[in-house]
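S.K.: Right, I'll just put the structure down here and ask away after.
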Amino acid sequence: ETGVTQTPRHLVMGMTNKKSLKCEQHLGHNAMYWYKQSAKKPLELMFVYSLEERVENNSVPSRFSPECPNSSHLFLHLHTLQPEDSALYLCASSQDSGNGNTIYFGEGSWLTVV
Amino acid sequence: GDSVTQMEGPVTLSEEAFLTINCTYTATGYPSLFWYVQYPGEGLQLLLKATKADDKGSNKGFEATYRKETTSFHLEKGSVQVSDSAVYFCALSVRGSQGNLIFGKGTKLSVKP
Chain V
22 ETGVTQTPRH
32 LVMGMTNKKS
42 LKCEQHLGHN
52 AMYWYKQSAK
62 KPLELMFVYS
72 LEERVENNSV
82 PSRFSPECPN
92 SSHLFLHLHT
102 LQPEDSALYL
112 CASSQDSGNG
122 NTIYFGEGSW
132 LTVV
Chain S
3 GDSVTQMEGP
13 VTLSEEAFLT
23 INCTYTATGY
33 PSLFWYVQYP
43 GEGLQLLLKA
53 TKADDKGSNK
63 GFEATYRKET
73 TSFHLEKGSV
83 QVSDSAVYFC
93 ALSVRGSQGN
103 LIFGKGTKLS
113 VKP
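Going down the list, the protein sequences come from chains V and S. Residue 24 in my numbering sits at position 3 of the first sequence, with consecutive numbering throughout. Residue 107 in my numbering sits at position 105 of the second sequence, with consecutive numbering throughout.
Right under this line is the structure:
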């Protein structure tokens with residue numbers, strides 16, 4: 022139990038579907054993140070939220086839309102995805118978003134786009 | 003730009019063997035360095051970290067020393083167990099990076115009984 026919970030653990034969706042990934046952290050942290058882990062690339066940061074405000078967006082396509090309603094919850098809304106978006110999506114949190122803070126990861130949501 | 007290079011895997015060892023996984027980095031400024039481990043079917047767990055030069059991180063028998071002169075953060079363990087089989091990721095973060103961890107590609111370790 023890492024204190025960061027992700028649902029669903031597995032998701033299969035068609036290219037025309039709309040779905041959402043959910044993340045909840047129980048650590049009292051102020052920063053939350055979405056990372057993408059695919060077979061062909063190193064782990065990539067997608068989005069950073071600090072105190073519920075987005076502070077970084079690493080040129081992620083608009084078919085991925087994050088939402089952070091409060092400091093404990095983070096969503097990733099998915100629509101019109103492509104098969105190459107199939108990957109493990111990892112949510113993470115840290116006390117704040119500065120250098121040196123330990124980032125705690127959830128177990129991930131395996132996404133398959135068909 | 004900032005980057006992390008770690009040895010390619012997979013690495014296969016017998017139980018009780020000595021483990022070294024090399025990691026070198028390129029960074030502007032003074033990064034913090036991390037090793038994360040990913041067991042099969044799970045997310046990433048922090049294994050150890052070091053935030054300044056000459057610091058040694060250690061956990062569960064694993065150690066890594068922040069070497070500024072060689073820009074390295076090699077992971078070592080004196081005697082591996084089957085339960086250490088996992089993928090190991092070296093990572094760095096730099097000041098002002100808004101929590102952006104730069105990861106290496108990962109090294110898969112398999113330990114045979």
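We put the beta carbon where it would ideally sit given N, CA and C, even for glycine. Remember, it's a predicted structure, so these values are computed and weren't measured experimentally.
Please determine, among Leu-49/S, Leu-48/S, Ala-88/S and Glu-44/S, the residue with the shortest C-alpha to C-alpha distance to Val-113/S.
M.R.: Selected option, being the one with the closest Cα: Ala-88/S.
S.K.: Short of 7 Å in beta carbon distance, which residues of its chain neighbour Val-84/S, apart from the five on each side in sequence? Order them along the chain.
M.R.: Same-chain partners within the cutoff: Glu-17, Val-113 and Pro-115.
S.K.: My output table needs one value for Glu-77/V: the three-state DSSP class, helix, strand or coil.
M.R.: Strand at Glu-77/V.
S.K.: Can you give the Cα-Cα distance for Glu-74/V and Cys-89/V, rounded to whole angstroms?
M.R.: Distance between the alpha carbons of Glu-74/V and Cys-89/V: 8 Å.
S.K.: Is Val-84/S helix, strand or coil by DSSP?
M.R.: Here Val-84/S sits in helix by DSSP.
S.K.: Looking at Asp-86/S and Tyr-68/S, is the spacing between their C-beta atoms short of 8 Å?
M.R.: The answer is no: Cβ separation not under 8 Å.
S.K.: Give the residues of chain V in contact with Gly-3/S, contact being defined as C-beta atoms less than 8 Å apart.
M.R.: Ordered by position in chain V, no residue passes the 8 Å Cβ test against Gly-3/S, which lies about 12 Å from the chain.
S.K.: Report the CB separation of Leu-46/S from Ala-66/S in whole angstroms; it is logged as a contact under 8 Å.
M.R.: That belief does not hold up - the Cβ atoms of Leu-46/S and Ala-66/S are roughly 16 Å apart, past 8 Å.
S.K.: If we ignore side chains and look at the alpha-carbon of each, how far apart do Glu-105/V and Val-6/S end up?
M.R.: Rounded to the nearest angstrom, the two C-alpha atoms are 24 Å apart.
S.K.: Can you say whether Pro-87/V is buried or exposed, counting buried as having 16 or more other CB atoms within 10 angstroms of its CB?
M.R.: Pro-87/V comes out buried.
S.K.: Quick check: what's the CA-CA separation for Tyr-70/V versus Asn-91/V?
M.R.: Straight-line Cα distance between these residues: approximately 10 Å.
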